[in-house]
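The sequence shown begins at 17 in my numbering and counts up one residue at a time. A short worksheet on the structure shown next.
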Amino acid sequence: AVGAMTATWVGHYPWFYTNNQLREVLPAFDFKFGKYVRNAVIGFASAAVSDCCSNSLRVLKTTRQTALEPVGYLESAKLIIEKEGYAGLFGRGLGTRILTNGIQGALFTIGWKAIAELM
17 AVGAMTATWV
27 GHYPWFYTNN
37 QLREVLPAFD
47 FKFGKYVRNA
57 VIGFASAAVS
67 DCCSNSLRVL
77 KTTRQTALEP
87 VGYLESAKLI
97 IEKEGYAGLF
107 GRGLGTRILT
117 NGIQGALFTI
127 GWKAIAELM
């Protein structure tokens, strides 16, 4: 539970920071449905940054959960680095996570802003 909570917490700040920064610097898209495309880009990018920041914690959590014998976070990290290097710790599953969470982030942001406009 601590691993999931920590990974979620670590991912929240980068998501909102990226979202807020892109809203300030990314100009409006001047074509039909441009605001939806802009919101999708912002949502996808925010999710990608968040995933890059929190992925190593999720890898550690999963490694601990699937270990045959109880292991701590530090021991899990050492085992992963020995076996796969730092790429294993920071990059394992990241491509799939960015794709799936990016799509979810894009759809969420489109819906969030569309509902906010109606209020």
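All residues carry an ideal CB built from backbone N, CA and C; glycine is no exception. All values derive from a computational prediction rather than experimental measurement.
In summary, residue 117 is buried, with 16 or more beta-carbon neighbours lying within 10 Å of its beta-carbon over all protein chains present. By alpha-carbon distance to residue 108, the top candidate from 79, 124 and 36 is 79. The three-state reading of DSSP puts residue 87 in coil, since its state is none of H, G, I, E or B. Counting only residues of its own chain and dropping the five nearest sequence neighbours on each side, residue 35 has a CB closer than 7 Å to the CB of 58 and 62. Spanning the alpha carbons of residue 82 and residue 29 requires a straight line of approximately 28 Å.
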